[in-house]
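S.K.: First the structure, then my questions, so here it is.
There are 2 protein chains.
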Amino acid sequence: MAVEDVKLIGTWENPLVARARIALNLKGIEYEFLEEDPNKKSELLLKSNPVYKRFPVLIHGRKPICHSLLIIEYIDQVWSSSGFPILPADAYDRVTSHFWATYIDDTFITQIHVLMWNEDEKIKAGSKEKLFTALLLLEETFVKFSKGKSFFGGDTINLVDIALGSCINWLKAVEIMTGKNFLDKTKTPRLVEWAECFCSVEAAEKALPEVEKLVEYRKNFKAASGAAAVPSSN
Amino acid sequence: MAVEDVKLIGTWENPLVARARIALNLKGIEYEFLEEDPNKKSELLLKSNPVYKRFPVLIHGRKPICHSLLIIEYIDQVWSSSGFPILPADAYDRVTSHFWATYIDDTFITQIHVLMWNEDEKIKAGSKEKLFTALLLLEETFVKFSKGKSFFGGDTINLVDIALGSCINWLKAVEIMTGKNFLDKTKTPRLVEWAECFCSVEAAEKALPEVEKLVEYRKNFKAASGAAAVPSSN
Numbered sequence: 189m190a191v192e193d194v195k196l197i198g199t200w201e202n203p204l205v206a207r208a209r210i211a212l213n214l215k216g217i218e219y220e221f222l223e224e225d226p227n228k229k230s231e232l233l234l235k236s237n238p239v240y241k242r243f244p245v246l247i248h249g250r251k252p253i254c255h256s257l258l259i260i261e262y263i264d265q266v267w268s269s270s271g272f273p274i275l276p277a278d279a280y281d282r283v284t285s286h287f288w289a290t291y292i293d294d295t296f297i298t299q300i301h302v303l304m305w306n307e308d309e310k311i312k313a314g315s316k317e318k319l320f321t322a323l324l325l326l327e328e329t330f331v332k333f334s335k336g337k338s339f340f341g342g343d344t345i346n347l348v349d350i351a352l353g354s355c356i357n358w359l360k361a362v363e364i365m366t367g368k369n370f371l372d373k374t375k376t377p378r379l380v381e382w383a384e385c386f387c388s389v390e391a392a393e394k395a396l397p398e399v400e401k402l403v404e405y406r407k408n409f410k411a412a413s414g415a416a417a418v419p420s421s422n
Numbered sequence: 189m190a191v192e193d194v195k196l197i198g199t200w201e202n203p204l205v206a207r208a209r210i211a212l213n214l215k216g217i218e219y220e221f222l223e224e225d226p227n228k229k230s231e232l233l234l235k236s237n238p239v240y241k242r243f244p245v246l247i248h249g250r251k252p253i254c255h256s257l258l259i260i261e262y263i264d265q266v267w268s269s270s271g272f273p274i275l276p277a278d279a280y281d282r283v284t285s286h287f288w289a290t291y292i293d294d295t296f297i298t299q300i301h302v303l304m305w306n307e308d309e310k311i312k313a314g315s316k317e318k319l320f321t322a323l324l325l326l327e328e329t330f331v332k333f334s335k336g337k338s339f340f341g342g343d344t345i346n347l348v349d350i351a352l353g354s355c356i357n358w359l360k361a362v363e364i365m366t367g368k369n370f371l372d373k374t375k376t377p378r379l380v381e382w383a384e385c386f387c388s389v390e391a392a393e394k395a396l397p398e399v400e401k402l403v404e405y406r407k408n409f410k411a412a413s414g415a416a417a418v419p420s421s422n
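Have a look at this one:
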């Protein structure tokens, strides 16, 4: 696949963009990263995703694909011969992976976004509780899925690994900003190991935004605009 | 497949439950409908969908599958030999179908729910606008997808047909309750034709709740509890 056939429109800090990059890296697909300003919506983005106007958008040939989880599914199907299946072939395992990836979107990402951007201490306290609850459930799910192996996908990275792993550095940034450990060796020991393992995989390492840069980004954003203009969670 | 192998937990009025029933009917799968009270959550539901505690849940053998769109995907893959494919085989067409089905969940169902249950006239006015906008976009999408044929899937019913079609009688109930035509021969002529065609298909006809019963249900609910306890949108 020539470089010009695959393009990804995204920003450096967006975990949903990181998802697409991890999937592309895992499959060994060369692509052009059309990096955009997180605080602007370019003409290309608006043209490529007119309905939601959100990052990321994968452009394969002339076809735009939107929504991070759908982009991963598309990549997995189109480059199925690469030898790194991201979605299981079995129907039940497949929908179960989708279920947990959607759960991560509904709860985990939502709470991280609140903790990162919301200034209301009461709302943030509620969000911390919800995040802890989600992590406990994900720990339990990890034990079931991984069967003693390193990833939700067992020996290999699957959709749930990418869905959660893409946000892991945001979680670390939130830990620094709030002074609270969410991934905890006592309460979520397997997820702590999983996070270390996931972040050390080259395909993820190359795609994840640096924790320090995320903390800096948040601080600068706050200094520049206060809490008035909060970025969208997706 | 023996009847006892496939069960569906759901309620009579829920459009998401209707989705699963339409897919099962299309594929000709015999199943036991475990009909529940819309205002209660049974032990079976809580055990089968402990994370979201929502209808519908498909139980295949001992495996519970949650989320209406995932249930359809599961049915389509497991009973792929039935001759009624619901999801396209092509990767791009497949994610595009998912994209529009998710759009219907995000916008269409959300607005119908507001119009049916919310008592605030200002919120309802905003919701009407959003519903009109969504219908215009879906009309445009239908023209692109159907290529002059009867369904979003062309000659056959696909995921988008089921996602939207499952809510069509709720839309008609909202039209009666609000005195406003949303599906309109001038603005959305192709969707008007599509709705007639979809509702006359036996698999849908057998699964959709009756419009008059929905209106009655809403009136009785209002009379019994006022606007205090509003059912969840999914």
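Note that the protein sequences, when read in sequence, are chains Z and L. Sequential numbering from 189 applies to the first sequence in our numbering. Sequential numbering from 189 applies to the second sequence in our numbering. Note that CB positions come from ideal geometry on N, CA and C, so glycine has one too. Quick caveat, the model's predicted, so the values are computed rather than measured.
#1: List the whole-angstrom C-beta distance separating arginine 378 (chain Z) from glutamate 317 (chain Z), where the pair is believed to meet the contact cut-off of C-beta under 8 Å.
#2: Please name the residue, chosen from Z:Ser256, Z:Arg250, Z:Ile217, that lies closest to glycine 271 (chain Z) on a Cα-to-Cα basis.
#3: Going residue by residue through the region 253-331 of chain L, where are the continuous alpha helix (DSSP H) segments of at least 4 residues, counting only ones entirely within it?
#4: The alpha helix (DSSP H) spanning leucine 204 (chain Z) covers which residue range?
#5: With a CB to CB cut of under 7 Å and the five nearest residues on each side skipped, what residues in its chain are close to leucine 402 (chain L)?
#6: Here's the rule: buried if 16 or more other CB atoms are within 10 angstroms of the residue's CB, otherwise exposed. What is methionine 189 (chain Z)?
#7: So, under 8 Å CB-CB, lysine 215 (chain Z) and tyrosine 280 (chain L) are touching, yes? Tell me the CB distance rounded to an integer number of Å.
#8: So, are the CB atoms of leucine 212 (chain Z) and proline 244 (chain Z) less than 8 Å apart?
#9: Since alanine 351 (chain Z) contacts isoleucine 292 (chain Z) with CB under 8 Å, what's their CB separation in whole angstroms?
#10: Check each candidate in L:Glu381, L:Lys310, L:Trp305 and name the one with the smallest Cα separation from lysine 410 (chain L).
#11: Let's test the definition: count the other Cβ atoms within 10 Å of the Cβ of isoleucine 260 (chain Z) and tell me whether it reaches 16, buried, or not, exposed.
#12: Determine the burial state of threonine 329 (chain Z): buried for a count of at least 16 other Cβ atoms within 10 Å of its Cβ, exposed for fewer.
#13: Can you give, in chain order, each stretch of the alpha helix (DSSP H) that sits fully within the region 325-411 of chain Z and has at least 4 residues?
#14: Could you pull the start and end residues of the beta strand (DSSP E) that glutamate 231 (chain Z) belongs to?
#15: Taking any Cβ of chain B, which residues in the region 243-260 of chain L have a Cβ under 9 Å from it, in chain order?
#16: Would you kindly work out how many angstroms separate the C-alpha atoms of alanine 395 (chain Z) and tyrosine 219 (chain Z), rounded to a whole number?
#17: Using 8 Å as the limit for Cβ to Cβ distance, is histidine 286 (chain L) near chain Z?
#18: CA-CA distance, leucine 319 (chain Z) and aspartate 294 (chain Z)?
#19: Please name the residue in Z:Arg406, Z:Ile274, Z:Asp308 whose C-alpha comes closest to that of leucine 347 (chain Z).
#20: Let me see if you follow: with CB-CB separation under 8 Å, is glutamine 299 (chain Z) close to chain L or not?
#21: Tell me the DSSP bridge mates of phenylalanine 221 (chain Z)?
#22: By alpha-carbon positions, which one of Z:Leu234, Z:Lys373, Z:His255 ends up nearest to proline 203 (chain Z)?
#23: Kindly give me the distance between the Cβ atoms of threonine 376 (chain Z) and leucine 303 (chain Z), rounded to whole angstroms, as I take these residues to be in contact under 8 Å.
#24: Would you mind reading off the limits of the beta strand (DSSP E) that contains valine 141 (chain L)?
#25: Would valine 283 (chain L) pass as an interface residue toward chain Z - the criterion being a Cβ-Cβ separation below 8 Å?
#26: Which bits of chain Z does alanine 279 (chain L) rub up against, with CB to CB less than 7 Å?
#27: Quick one: is alanine 493 (chain L) buried, meaning 16 or more other Cβ sit within 10 Å of its Cβ, or exposed?
#28: Mind checking if threonine 376 (chain Z) is an interface residue toward chain L, Cβ cutoff 8 Å exclusive?
#29: Mind listing the chain Z neighbours of tyrosine 291 (chain L)? Cutoff is C-beta to C-beta under 8 Å, in chain order.
#30: Is it the case that the Cβ atoms of glutamate 231 (chain Z) and threonine 199 (chain Z) are separated by a distance below 8 Å?
#31: Who are lysine 251 (chain L)'s beta bridge partners in DSSP?
#32: Figure out for me which residue from L:Lys310, L:Thr290, L:Pro276, L:Lys373 has the closest Cα to the Cα of leucine 324 (chain L).
#33: Does the separation of the CB atoms of lysine 241 (chain L) and leucine 234 (chain L) fall below 8 Å?
M.R.: In short, the structure shows the following:
#1: That pair is no contact at about 21 Å.
#2: Z:Ile217
#3: 256-266, 279-291, 298-305
#4: 203-215
#5: Glu201, Asn357, Trp358, Ala361
#6: Low per-residue confidence applies at methionine 189 (chain Z): pLDDT is 45, beneath 50, and the placement is therefore not dependable, though the value from the model is reported in the following sentence. Exposed, by the Cβ-count rule.
#7: About 16 Å; that fails the 8 Å criterion.
#8: no
#9: 5 Å
#10: L:Trp305
#11: buried
#12: buried
#13: 347-353, 356-366, 377-388, 390-393
#14: Run containing glutamate 231 (chain Z): none in the beta strand (DSSP E); it sits in the alpha helix (DSSP H), 231-236.
#15: Considering every chain present, this structure includes no chain B. Its protein chains are Z and L.
#16: 13 Å
#17: yes
#18: 11 Å
#19: Z:Ile274
#20: no
#21: Z:Leu196
#22: Z:His255
#23: Not confirmed; about 17 Å, so no contact.
#24: For chain L, the structure presents residues 189 to 422; residue 141 (chain L) sits outside this window and is missing.
#25: yes
#26: Tyr262, Gln265, Val266
#27: Nothing can be reported for residue 493 (chain L), as the shown portion of chain L is limited to 189 through 422.
#28: no
#29: Val239
#30: no
#31: L:His248
#32: L:Lys373
#33: yes
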